[in-house]
Each structure stands twice: as C-alpha cells, then as structure tokens.
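Notes follow the structure.
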Amino acid sequence: MRIALFITCVNDLMYPDTGKAVVSILERLGHAVDFPAAQTCCGQMHANSGYRAEAMPMVRGFVDTFRRYDAVVAPSGSCVAMVRDSYPRLALGDPALEAAVAEVAPRTYEFAELLVDVLGVTDLGAVFPHTATYHPTCHGLRMLRLGDKPLTLLRAVRGLELRELAGAEECCGFGGTFALKNAGVSAAMLADKCGAVDSTGAEYVVAADNSCLTHIGGGLSRRAASTAKPIHYAEILASTGSAQ
Amino acid sequence: MSHGTGNIVALRPFPDAARLELDDAQLRANLRRATHTIRDKRLRVVGEVDDWEDLRRSGAAIKDDVLARLPELLEQFEESATRAGAVVHWARDAAEACDVVTRLVRETAAREVVKVKSMATQEIGLNEALAAVGIEATETDLAELIVQLAEDTPSHILVPAIHYNRSQIRDIFRSRMPGVAAGLTDDPPALAEAARTHLRAKFLSATVGVSGANFAIADTGTLVVVESEGNGRMCLTLPQTLISVVGIEKILPTFAELEVFLQLLPRSSTGERMNPYTSMWTGVTPGDGPQTTHVVLIDNGRTATLEDEVGRQALRCIRCSACLNVCPVYERVGGHAYGSVYPGPIGAILSPQMTGAGANKTLPYASTLCGACFDACPVRIDIPQVLVHLRQKGPKPAAERAAFRSLSWIMRDRRRYAAALRAARRGSAPLRGFGRLRRLPWPASAWTDSRDVPLPPKQTFREWWTKR
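In order, the protein sequence lines correspond to chains A and B. Read in order, the letters of the first sequence are residues 21 to 264 in the numbering used here. Read in order, the letters of the second sequence are residues 19 to 486 in the numbering used here.
Below is the structure:
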C-alpha cells in the first residue's frame, strides 16, 4: 500500500515530533511512507473564515498532490474533516475537481482510522508509564465520528493510566479565528476545559489535534496550579518508554 | 426580496455584547445549570427512541418538501382556514404584522389581550406596538411573564427566563407582581401559585387572545400549539376573539406529518416524551371557543431566506432550542448577546438571513463550528455548514481580507510555503530560550491576553524529512 503522509501546516512548523511519531509507527509496522514535498496546507482556516476563493488553490493543490496514493494519513482530525467533509462541497460546480475529490477524500484518514480501520492494528507495543486524560476534539468527534478509536489505541499502551475528563466532548474554545474574533468567549470556554484537565491531576492532556492542544496548552501554562502537558496521541503511541 | 425587521436585528456586534455578559458570573452559573439539566434530559429521552435518526431525516425531508412547495401550500392553507371560518391576513414585515394585529384588537374595543407564548409575536415586537396604542398585552407563559414583569427581554427560545435563578424570580415577583404576598419564598410551587393567582384574573377578564402556532396544517386550515403549562390553552379557548401570528414556514401539508414532529419536538425541547398540552383549532366552531379567529401569516425575511440554496435549511427550524442547550458559546454568554429573539446557533444563521447580510454581520462568527448543534438538531439543520456559507457571503474587514489573500498566495506554492515555514522558524529562534511567549502585539494580543504561544522547534518536519 502506498501511504502518503499529509503533515498539516501546524504540525510542520510547530509540532514536527507528531509527524516523526507517525512515520516511526508506520515504518515499525512495515509500511513504506511517502511525504510528497508538493504538499502545503488543507485550506481549512481560509474556508472556515469565509475565504472560499482563497482556499480553493489549496484544495486543488491537495488533490493534485495526493490522488496517486492508496491512502493519505494526517495526524489531525480537523484537517482530515476538512478534506472529507468540506472538499466535496467546495468542489461543487467543477466536475473535474468533484471527480478528483471523490477519489481522494474517502482515502484520506485520520491516523487512528488508518491504524484501526485500514491496517487493523490496535496494539502498537508502546510503553508510556504516565497518567493522561483524553480530550476528543470536535471535528474528530462529530465530523469524522472517530468514536473511541484513539482511546482504543491508547488503552493498549503499557503503563499508561487514562483518567476521565469531565465534559470531555465540549469544545475547548479554539475554533480557528474564533479565538481572536471572540477572544472573551473563547477564554471562558478554555478556562472550563483547563479546570477539567486540572481536576484529573493527570501529567498529560492528550488529543488528536495539535491546534486544539496549542489552545489548551496555552491556557494551562498560564495557570499556576496546572501541571498537565499537552501531547498528541501519536507521540504516546510511538513511545517505547525511554525518556519523555 | 424584502428583508425582515423587528426584534431580529442586533444593535451591537456580538463580541461587544458577549463581553458584557461574560462579566456576569451569576448569569453563567444560571445558564450552566439550566442548559446542562435540559441537555441531559434530552439525551436520555432521545436515547429511548430506536429510530431517532430516521425521525430526524423524516422531519428534514417533510420540511424541505414544504419549503419547495411553499406558495402552493400557503394558498391551500388560506383556503381551508377561510372555509372553516377564520380570517386570513398577510404581512410582509414586522411593521405590517403589528399594524394588522393592532387594528384587529382595536376593532374589538378591548383594552387588554392575553398571550400564548409565541416567538412570532416577539419577533415583530407586538407587545410594544400594542402598548403604543394603549392596549396591555399580558404574557401567560410563566417564563415569559417573569421576563415581562422584569421589563427584560427573553434570552432563550423555550425558556425565556433561563438567565434568572429562582431567588431572582422571587425578587421580581415581590417587586413587580401586584398583590403578591410579602413573604413569598423561592420555593418553585409557591412561585407557580403566585403566578397562577395573578394570571387567573387576566384569563377571566380578557376578551381577546393572541397566539402563535407551532404548525399550520394546509389541507384542513388547522393551527397547532404545543405547550407545557396549559396557560396557552386558557388563552386559546376562553376569549371571544383569537388572533394567531404565524410564520409562513410553519406549514405542514396534512395531519399525517404531525406524527413525526410531535415526537421530535417535545424530546428535543423540554426533554419530555410528550408535552402535556397539544391544542388544535380549525377556524370557528359555533358555541365553542373563540367565535372570531384571525390568522396573520408573516414573511418578515423568510422568503429572502428561502432564496439561498444553502441557507434555506434554517427555515426547517421548529424552535425546539436543542441547539442552544448544547452550544458552548450560548452557555457562556446567554441569549441577549445575540441581539435577536432567535439566539444561539440557530439565531446565528437565521437572524442574518432574515435581516440580510448588512445587519447582524458578526453573528456568523459567533461559533467555534464545534458541531454540537447539528448533532442535536431534530430536523438536521447543518448549522456549521450554513455559518461557513454566510461567512463566505458576508462583508469582511479589509485588513483581514488582505492577510488571508497573502497567506493564500504563500500557501498555494510549495517553495513559497517551505520558505515561509523556514522564515518563521528562524525568525523565532532568538526567542526559543523563553519556551513560550506570554505577550504579543495587536492583533495577536487577542490570543496572548489569556493564552501562551509555543515557539517553533529547531527544525520543521519537512526539513527533518529532507535530511533523514
């Protein structure tokens, strides 16, 4: 199977370790992974902020870059939801693009989907002797219906103690430009999310999206009482128990 | 196509209005408790229905069919209702609707009317219009009555007084309700009893009732009101004259479709398997109930909304308020921040469409697009999709547009993109010792006012990949 890696813009610049974790896990499982260098960004921020025309070059770019592959994997529920849920709508009215999207979108997977649904793996032999609490991010939860796929993978990790997060399914308040346009409301939502994370006493807050983790982590580091560190679940799955 | 007017136009941008509400800790506590209670109840009773998803699809399909055949069904309704003895009026906007109702009440020479809880009359500002000509309108729904006594505006579609707790309600009753006992406690039965005594006198003296309708059946001319308290039924049966103000999207083709909505609505709105009172009336029945019935069909921006292929799904809305109760934004700021009688996620897409994009510019941005509203909606209105659609159609700040354009120019090309990543990584390198940034200049200060910013590590992913 030709698996292409889509490393989203946030991951590329800010969280290269998440991408490295995905690569190491897939290679450990015996799969060749390709990183097509022509890739840029999925265009979600543009489309969701109301800049459809400005998002379209990215939509076309994504489709052109990835249509040759059997599977595309990205460590971001939100960007995968953009491709699978929004691309078909954005392509409407352009038959060639519609056809290309229809080809690529169903083969674009969030990392846990690829592991559980496509590759049929739930235990990666990871070791991570820490406490963590899992925040299911909105787009993974409600657009991709990831369900507990990431949790299934995390439950197989040796030494990992998962603690339940109160109000887990509530949005952290990030919402892209929402965090700037409605900063007050965003901060109020974030405060509640951080409070819930704190009350678990866990060492890590885990999610399938580094942008949500940036938001939650940015809030936690402002709170004197907070000790939890944000981490993408792929990095836990890649861990073999050596120093973290 | 003319746009809607009345209480659907926000006077302040959402972020400004929200900021004021966010300062009110009591409000947030009240909202949190109330929305979570209804939310949990809804989840429980929806979980009991095996074919809930099929019911949602049916609800959406029936409403879409109605919207596709609206002119034909409205004419059918007018004909049936007229045949049954009702008088049908048409109003293009809020002012016209208020004029019609005001004229009808004046023709009866009544000085007071009793009202069934109705979003349509809130939308057109009927109480204020009646007051302007010396007619007193009394809200008989308990929560509407609380809001009216407090000289406040509703903050929720179903629970207009959701922003008050019971001790605040006791204080309102004590200071504003004539003849209330000085020792009134905040015990819910005591509060309900005080309201009951107050309203009974109104029911017995009023000769005109004013209502809305949850559904209007085209082939029989029947109007349907669904409620919990029974006060509505008193208004619908005791007065001699009944005037109903009904949005044109409330039509259902026949009684058969009601079956779907009488399952969807109570479970979605109050978390009940069935609401206690469902009242239906068809024109006039000699010797029974009101002997003069009027129906005022209002457009007020609905036809304009219908013209938008993506946005028209907002007209499926049956005003259950499930989207408000699950919305994390609504939960923090309450209904007043939305500046329209339709608050929350549905208001964020309905109000700007009814008024036209010039008004309510900030409402499509009053959401994180988390999608909880779409999941909860009994008629499957894809609210996040419509929000994004309205953002695309609406006006945008010039500086923001320029920023997104240049970002798009960079991101559409791999070399420019890779260079930009490299520049961002290098540019922030001197700061890496700090680990995180605590303060950035405007506009990024909107972020750093409450959140730290992490700094990029030494290498981007693509740099690592190339070197490996």
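A virtual CB, placed ideally from N, CA and C, is assigned to each residue, including glycine. Computed from a predicted model, the values in this text were never measured in an experiment.
C-beta atoms of residue i and residue j nearer than 9 Å
i: B/D111; j: B/N378; result: no
i: B/Y348; j: B/P363; result: yes
i: B/E154; j: B/V165; result: no
i: B/V134; j: B/N249; result: yes
i: B/D83; j: B/P271; result: yes
i: A/D37; j: A/H235; result: no
i: A/L210; j: B/S468; result: yes
i: B/A115; j: B/L144; result: yes
i: B/G22; j: B/M372; result: yes
i: A/G221; j: A/L161; result: no
i: A/L257; j: A/V138; result: no
i: B/T478; j: B/R440; result: yes
i: A/Q59; j: A/F26; result: yes
i: B/T321; j: B/V228; result: no
For residue i, the first and last residue of its enclosing beta strand (DSSP E)
i: A/R183; result: E181 to R183
i: A/G215; result: Note, A/G215: premise wrong, no beta strand (DSSP E); alpha helix (DSSP H) at A203 to T220.
i: A/H252; result: K249 to H252
i: A/L25; result: I23 to L25
i: A/A152; result: T151 to Y154
i: A/V225; result: Y224 to A227
Residue-level contact to chain B via CB, residue i, 9 Å cutoff
i: A/F55; result: yes
i: A/Q264; result: For A/Q264, the pLDDT reaches just 46, beneath the cut-off of 50, and the residue's location in the model is therefore unreliable, although a value from the coordinates is still provided. No, no contact with chain B.
i: A/R88; result: no
i: A/Y71; result: yes
i: A/V93; result: no
i: A/D1; result: Residue 1 of chain A cannot be examined here, being either before or after the span of chain A that is shown, 21 to 264.
i: A/S231; result: no
i: A/I251; result: no
i: A/P126; result: no
i: A/D32; result: yes
i: A/L139; result: no
i: A/P156; result: no
i: A/L200; result: yes
i: A/L77; result: Per the sequence shown, residue 77 of chain A should be read as Pro rather than Leu. It does; some Cβ of chain B falls within 9 Å.
CB contact check: residue i to chain A, cutoff 9 Å
i: B/A79; result: no
i: B/G301; result: no
i: B/G412; result: yes
i: B/R129; result: no
i: B/T484; result: yes
i: B/C388; result: yes
i: B/F452; result: no
i: B/D467; result: yes
i: B/E418; result: yes
i: B/L439; result: yes
i: B/S358; result: no
i: B/R30; result: no
i: B/V471; result: yes
i: B/D82; result: no
i: B/C40; result: Note that residue 40 of chain B is Leu in the sequence shown, not Cys. So yes, B/L40 belongs to the interface.
i: B/R37; result: yes
Sheet register partners of residue i (DSSP bridge)
i: B/E554; result: Coverage of chain B is limited to positions 19 through 486, which leaves residue 554 of chain B absent and any answer about it impossible.
i: B/V226; result: B/T259
i: B/F233; result: B/V242
i: B/T203; result: In the DSSP output, where bridge partners are listed per residue, B/T203 has none listed.
i: B/G265; result: B/I316
i: A/D54; result: A/A24
i: B/V471; result: B/L455
i: A/T260; result: A/V147
i: B/S270; result: Going by the sequence as given, residue 270 of chain B is Leu instead of Ser. Bridge partners of B/L270: B/I235.
Heavy atom of the ligand FMN within 8 Å of residue i beta-carbon
i: B/R337; result: This structure lacks the ligand FMN, and indeed carries no ligand of any kind.
Beta-carbon neighbours of residue i, restricted to chain C and to distances below 7 Å
i: A/P36; result: Reference to chain C is not applicable here, since the protein chains of this structure are A and B.
Extent of the continuous alpha helix (DSSP H) to which residue i belongs
i: A/A41; result: P36 to R48
i: A/P170; result: K169 to R175
i: B/R188; result: R184 to R194
i: A/S231; result: N230 to L240
i: B/Q166; result: L160 to L167
*Just list the beta strand (DSSP E) runs in the segment 72-145 of chain A, keeping only unbroken ones of 3 residues or longer that don't cross its boundaries, in chain order.*
91-94 and 128-130
*Ranges of the alpha helix (DSSP H) found wholly within the segment 69-134 of chain B, counting only runs of at least 4*: 70-86, 88-101 and 112-126
*Segments assigned alpha helix (DSSP H), at least 4 residues, entirely inside the segment 286-373 of chain B*: 320-324, 340-344, 346-351 and 362-373
*Taking only runs that begin and end inside the segment 396-439 of chain B, name each unbroken alpha helix (DSSP H) of 4 or more residues, in chain order.*
401-411 and 416-429
*What are the uninterrupted segments assigned as alpha helix (DSSP H) that are 4 or more residues long and contained completely in the segment 30-76 of chain B, given in chain order?*
32-40 and 43-65
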